[in-house]
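Report on the following structure.
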Amino acid sequence: MTSGGTSPAYEARYGWDRRTSLFVVTAAALTTLVAVADVTPVLRWPGVVLFGGAGLFMAYGATSRKVAFRVDGTGVLLGGSPARYSATTAHVPWQDITAVVLWQQHTAAGMRWVGVARRPDAARLPGPGQGDRAQAVMRAMAPEVPADVALASRAVTGWRLDHAALAAAVHRFAPDVPVVGG
764 MTSGGTSPAY EARYGWDRRT SLFVVTAAAL TTLVAVADVT PVLRWPGVVL FGGAGLFMAY
824 GATSRKVAFR VDGTGVLLGG SPARYSATTA HVPWQDITAV VLWQQHTAAG MRWVGVARRP
884 DAARLPGPGQ GDRAQAVMRA MAPEVPADVA LASRAVTGWR LDHAALAAAV HRFAPDVPVV
944 GG
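Following this line, the structure appears as structure tokens:
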């Protein structure tokens, strides 16, 4: 929930969570291990670049403090990837939303997601990854979730979701829109 002012919006920002912290620490350890291990430069430099780069990317996302997810009077903001924020952020107005959906991708890591179900005639979301090919990929990755919901979702990683505050904000701004799943 935002603090101060008069805005009753629900907002979550990228920051440090357990998964991000563990990833960055692991990447730093692997980078150090590859850098000091007795391996050929052909293995050392790609390892340092791969592990170091991945760790730096995750640390950048955590320190960016960009909005990951927001519910306010205008609708729902699906924050984008911190590295390509403008190109991957989408705003969905309340008139296009039929439900706010919480779901879990069934993988070893058990990734949680939050998104929106939209009216069938709603315009395609802006940004990359919204076409027919993306829908086919999402049907394969998360067959239990409708592809259009999966494409209008964001992974809850690098930020924390407060289910109760989210539900309260949705009820405040769009009382007829249910929050489903969990």
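Position one of the sequence shown corresponds to residue 764 (this note's numbering), numbered consecutively onward.
Backbone N, C-alpha and C fix where the C-beta goes; we use that ideal spot for every residue, glycine too.
8 Å CB neighbourhood of residue i in its chain, flanking five on each side removed
i: G768; result: Interpretation of G768 is limited by its pLDDT of 41, a score under 50 that renders its predicted location unreliable; no figure is taken from the coordinates.
i: G824; result: Y777, T783, S844, P845, A846 and G921
When the options are compared against residue i, the one with the closest alpha-carbon
i: W857; options: G843, R935 and E907; result: R935
i: V834; options: V864, W779 and V799; result: V864
i: F832; options: A846, Y777, T870 and A880; result: Y777
i: A853; options: S827, R847 and L840; result: L840
i: R807; options: A817, G944 and L793; result: L793
i: A785; options: T920, P809 and A927; result: The question names Ala, yet the displayed sequence has Leu at residue 785. The candidate whose alpha carbon is nearest that of L785 is T920.
i: Y848; options: V879, P906, P889 and D780; result: P889
i: T870; options: Q893, A897 and A905; result: A905
i: L924; options: D895, V877 and A800; result: V877
i: W779; options: F820, T795, L796 and R896; result: F820
i: P787; options: V900, A822, R887 and M901; result: The residue asked about is misnamed: residue 787 is Val in this sequence, not Pro. It is A822 whose Cα lies nearest to the Cα of V787.
Where residue i falls, given that 16 or more other Cβ within 10 Å makes a residue buried
i: W922; result: buried
i: V933; result: buried
i: P883; result: exposed
i: Y773; result: buried
i: L929; result: buried
i: R917; result: buried
i: S766; result: Low confidence applies here, because S766 scores a pLDDT of 41, under 50, leaving its location unreliable; read the following figure in that light. Exposed is the call here.
i: G816; result: exposed
i: V912; result: buried
i: G945; result: exposed
i: A850; result: exposed
i: R733; result: Given a span of 764 to 945 for the chain in the structure shown, any question on residue 733 remains unanswerable.
i: A775; result: buried
i: L914; result: buried
i: V908; result: buried
i: V802; result: exposed
i: V797; result: buried
i: V943; result: exposed
i: V812; result: exposed
i: V799; result: exposed
Bridge-paired residues (DSSP) for residue i
i: F832; result: A775 and L841
i: W876; result: W866 and A918
i: R881; result: I860
i: A853; result: L841
i: G944; result: L865
Cut-off 6 Å between Cβ atoms - residues of its own chain near residue i, not counting five sequence neighbours on either side
i: A937; result: W857
i: A790; result: F814, A817 and G818
i: G836; result: F936
Contacting residues, own chain, Cβ-Cβ under 7 Å from residue i (five flanking each side not counted)
i: D838; result: Position check: residue 838 holds Gly in this sequence, whereas Asp was assumed. Around G838: H854, V855, P856, W857 and I860.
i: V830; result: E774, R776, L840 and G842
i: P804; result: none
(request) List in chain order: all unbroken alpha helix (DSSP H) runs of 4+ residues lying wholly within the stretch 886 to 919. (result) 895 to 904 and 910 to 914
(message) Quick check for students: name the residue ranges of the alpha helix (DSSP H) that lie wholly in the stretch 800 to 827, counting only runs of 4 or more.
(response) 804 to 827
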